[in-house]
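Counting along the sequence shown from 1, when you hit position 139 you're at 139 in the UniProt record's numbering, and nothing is skipped either side. Take a look at the structure below.
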Amino acid sequence: MLGKTHFSVGMAAGLAVCRPQSLAILVAGTAVAGFGGIISDIDVGTSDAHNKVDHIIGLAMGAIVGVVIADAVFHVGIYNRLMADSNIARIIIGTLAFLGICIFGMKQPHRSFMHSILALLGLSFFVYMIFPDVAPYFSIGFASHMVIDAFNGKREKLFWPIGKGFALRMCSSNGMINNLLFHLSNIATVILILTSRSVFSILLMVMGFLKR
Numbered sequence: 001m002l003g004k005t006h007f008s009v010g011m012a013a014g015l016a017v018c019r020p021q022s023l024a025i026l027v028a029g030t031a032v033a034g035f036g037g038i039i040s041d042i043d044v045g046t047s048d049a050h051n052k053v054d055h056i057i058g059l060a061m062g063a064i065v066g067v068v069i070a071d072a073v074f075h076v077g078i079y080n081r082l083m084a085d086s087n088i089a090r091i092i093i094g095t096l097a098f099l100g101i102c103i104f105g106m107k108q109p110h111r112s113f114m115h116s117i118l119a120l121l122g123l124s125f126f127v128y129m130i131f132p133d134v135a136p137y138f139s140i141g142f143a144s145h146m147v148i149d150a151f152n153g154k155r156e157k158l159f160w161p162i163g164k165g166f167a168l169r170m171c172s173s174n175g176m177i178n179n180l181l182f183h184l185s186n187i188a189t190v191i192l193i194l195t196s197r198s199v200f201s202i203l204l205m206v207m208g209f210l211k212r
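In structure tokens form, the structure reads like this:
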């Protein structure tokens with residue numbers, strides 16, 4: 001599937017499974033779930049590999065910048081939540097280890113290590129070290145990538161380094177199913193955000209204020 005589809009499906013899956021209870025985790029969790037949904041494809045080995053990796057990095061940086069701006073402008077409490085369960089040493093060590101795994105994954109064949117359960121567990125552990133509250137969102141986003149990629153033609157080595165991998169061969173990576181997943185996941189993401197506890201409470205407050 002295309003990167004934008006993985007990003008959207010990752011966000012929708014993370015929100016649907018984790019159901020954030022605060023505005024801080026809603027914003028951070030949504031971004032991290034989307035990031036988890038696309039990070040696997042840094043191992044692309046096709047002729048347009050550099051463009052795809054640049055696109056993935058762009059989406060990731062956009063998500064991070066969006067979270068930082070949201071926290072700085074709207075004071076949603078992400079930084080306070082992060083530092084409540086973590087510290088500078090954990091953040092530095094976790095980030096370096098996460099990047100180390102990604103660098104290793106970039107050098108592996110497409111849909112091998114970075115599409116495996118081992119990568120899911122390793123990367124999720126270091127996200128937990130950095131920011132425990134959003135680790136489940138990352139894990140769900142990452143897992144959603146592996147699930148929907150299993151439906152097209154190229155084998156995924158879920159149990160890397162053993163086995164040949166498998167593929168259901170039910171659709172192409174850039175066809176009707178990809179487009180359908182992209183649009184449905186975007187709709188689901190919007191609905192899940194608007195019906196989340198924190199946003200729903202804000203909407204009720206605004207409606208109550210307008211009725212006065």
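Even glycine gets a Cβ: it sits at the ideal position worked out from N, Cα and C. Quantities reported herein were computed from a predicted structural model and do not represent experimental measurements.
Residue i classed as buried or exposed, judged by whether at least 16 other C-beta atoms fall within 10 angstroms
i           : result
P109        : exposed
R111        : buried
P161        : exposed
I202        : exposed
V6          : The residue you asked about is not Val; residue 6 is His in the sequence shown. By the neighbour-count rule (16 or more Cβ atoms within 10 Å), H6 is buried.
A28         : buried
L192        : buried
H145        : buried
T189        : buried
M197        : First, the residue type needs correcting, since residue 197 is Arg and not Met in the sequence shown. When all chains shown are included, R197 counts as exposed.
I187        : exposed
I38         : buried
residue 283 : The requested residue 283 is not part of the displayed model; the chain covers only 1 to 212.
L180        : exposed
A143        : buried
L99         : exposed
A13         : buried
L204        : exposed
L194        : exposed
Residues near residue i by beta carbon distance below 7 Å, same chain, minus five either side
i    : result
T95  : I130
A97  : F126
M207 : none
A70  : V27 and V76
L82  : F131
Which residues DSSP lists as bridging residue i, in chain order
i    : result
F126 : For F126, which the question treats as bridged, DSSP gives no partner whatsoever.
Same chain only: Cβ atoms within 6 Å of residue i, ignoring 5 sequence neighbours per side
i    : result
G153 : A167 and R169
G165 : R155, E156 and K157
S139 : S124
S47  : Unreliable placement is indicated for S47, whose pLDDT of 40 sits below 50; no coordinate value is reported for it.
F151 : L168, M170 and C171
M114 : S40, D43 and G105
L210 : none
Y128 : A135
F35  : A60 and A63
M11  : T30, A33, G34 and T189
Whole-angstrom C-beta distance between residue j and residue i, which should lie under 8 Å
i    : j    : result
R24  : G58  : In the sequence as displayed, the identity of residue 24 is Ala instead of Arg. No, A24 and G58 are not in contact; Cβ-Cβ is about 25 Å, not under 8 Å.
G141 : A33  : 4 Å
V67  : A31  : 5 Å
I117 : F74  : The Cβ separation is near 37 Å, so there is no contact.
P132 : S185 : Incorrect: roughly 26 Å between the Cβ atoms, too far for contact.
Chain-order list of residues whose beta-carbon lies under 8 Å from that of residue i (same chain, five-residue window excluded)
i    : result
L2   : S173, N174, N178 and F182
I101 : A119, G122, L123 and F126
K4   : L59 and F182
V17  : P136 and I140
4 or more residues per run - each alpha helix (DSSP H) lying fully within the region 135-189: With a minimum length of 4 residues, the continuous alpha helix (DSSP H) runs that stay inside the region 135-189 are 135-149.
Within the region 81-130, ranges of the alpha helix (DSSP H) (whole runs, at least 4 residues): Listed in chain order, they are 88-106 and 117-130.
Alpha helix (DSSP H) segments (min. 4 residues) lying fully within the region 2-79: If we require 4 residues or more, the alpha helix (DSSP H) runs fully inside the region 2-79 come out as 3-18, 23-38 and 49-74.
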